[in-house]
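The block underneath contains the structure these notes are about, expressed in structure tokens.
Residue numbers (my numbering): 127 to 239.
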């Protein structure tokens with residue numbers, strides 16, 4: 127009887143865990159690049175070169191090791207904070223999506239650089 131209960135519990139636990147999503151799903155680079163392109167982010171940001179905005183590589187370095195890096199990036203791209211470009215202050219453009227999965231994917235993609 128104990129053996130049957132143990133097997134039943136083990137099987138239930140396996141099924142429960144098998145249905146769970148990983149905490150950090152794989153980054154969809156193509157979707158992130160498409161979102162960046164459609165929002166014209168590349169006019170200011172490049173993968174490795176500094177343009178009027180920091181490179182994606184520089185952003186990833188700046189956020190490295192910060193537990194809230196993903197949320198900080200999402201906040202920056204969705205709230206239109208004041209930034210400085212060539213000594214002039216202006217509002218950062220807001221990204222044109224409210225889809226949480228797209229925002230998280232983009233933030234995670236930036237962090238991979």
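Heads up, the beta-carbon is just placed ideally off N, CA and C, and yes, glycines get one too.
These figures come from a predicted structure and were not determined experimentally.
Buried versus exposed call for residue i [16 or more other C-beta atoms within 10 Å across all chains shown]
i: residue 211; result: exposed
i: residue 196; result: buried
i: residue 193; result: exposed
Helix, strand or coil at residue i [DSSP, three-state]
i: residue 190; result: coil
i: residue 221; result: coil
i: residue 174; result: coil
i: residue 166; result: coil
Spatial neighbours of residue i in its chain, beta-carbon cut-off 8 angstroms, leaving aside the 5 residues before and after
i: residue 162; result: 168, 171 and 232
i: residue 180; result: 171 and 188
Same chain only: Cβ atoms within 7 angstroms of residue i, ignoring 5 sequence neighbours per side
i: residue 236; result: 182, 185, 186 and 199
Nonlocal neighbours in the same chain, by C-beta distance under 6 angstroms from residue i, ignoring five residues either side
i: residue 206; result: 217, 218 and 220
i: residue 174; result: 181 and 183
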